[in-house]
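Enquirer:
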Amino acid sequence: MSGVFFILFPICFLVTAALQQAQLVEYIILPAMYNYFTKRDVPYVMAGVCFFWTYVVTASLSVWAQSAASPNGYNNNVRKWKVDVEGGRDDAALTEPRNRGFIAGPFGRIIAAHQVALESVPGFFAAVIIATAQKVPLDYRVSFSIIYTILRIFHTILYVLDFDIVRAATHVMSISCCAWLFIFAIVPGFERQYYSTVMDVVRIRHSISDGNWTFG
């Protein structure tokens, strides 16, 4: 499995970049968003969507999953648990807050999906802020922020449904969105190198889809 991820990692980075250069976001999503937001606001709107998805939606689902999977419902009160232990309750260990990591099945995956989202989204917030401060071209900030947001939402769904390889690819692709923004912000003149490299990948993709394998 580790070999698969070593292969998957660079491929996911290139696929994310190819999606950005294919301008699917510009053609499909942005026209509808322009009815409510200006283009420069879109990265911040996506940050707000990710905040809501991570800290409201997946957090609520995680609490519900812990409550449904535990014998006596949700318990985040360590002091109450200690009292239960001293009172000799047989199921006290199962209600201890830190034991939620041992919940298996769909409930466990819901909890894990929330934890992965918590780990990922701060990096996205930082990438948006730094890319904006460093004046990364707006087109890149908009595209990568929208792609990241869509991937994070799909990742949660795929995690709960237990599509392991697909969710891993989705996770790496979402990370690559942040990585591209950081690289644009840090590396001087990276835009020219990025465009030429990614356009080669896009041309190969078009050649394969058209059945024409001449990549020149």
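Those letters in the sequence shown? Residues -18 to -1, 1 to 198, per mature numbering (1 follows the signal peptide of the UniProt record, and there is no 0), in order. Heads up, the beta-carbon is just placed ideally off N, CA and C, and yes, glycines get one too. Since the model is a prediction, treat every value here as computed from it, not as a measurement.
#1: Quick check on the burial criterion: 16 or more other C-beta atoms within 10 angstroms. Buried or exposed for A29?
#2: If you count every other CB in all the chains shown that lies within 10 Å of the CB of Q2, and 16 or more means buried, which is it?
#3: What's the C-alpha gap between D73 and A115?
#4: Find out if the Cβ-Cβ distance for the pair A109, T40 is shorter than 7 Å.
#5: If you reduce the DSSP assignment to three classes, tell me which class Y18 lands in.
#6: Could you give the C-beta distance for C159 and T(-3), rounded to a whole number, given that I count them as a contact under 8 Å?
#7: Give, in chain order, every unbroken run of the alpha helix (DSSP H) that is at least 4 residues long and sits entirely within the segment 89 to 150.
#8: Grouping DSSP H, G and I as helix and E and B as strand, with all else coil, what is A161?
#9: Alpha carbon to alpha carbon, how far is R174 from F166?
Expert: In this structure, then:
#1: buried
#2: buried
#3: Unreliable positioning characterises D73 in this predicted model, as indicated by a pLDDT of 49, which lies under 50. The coordinate reading is nonetheless provided below. Cα to Cα, the separation comes out at about 53 Å.
#4: no
#5: coil
#6: 6 Å
#7: 120 to 143
#8: helix
#9: 10 Å
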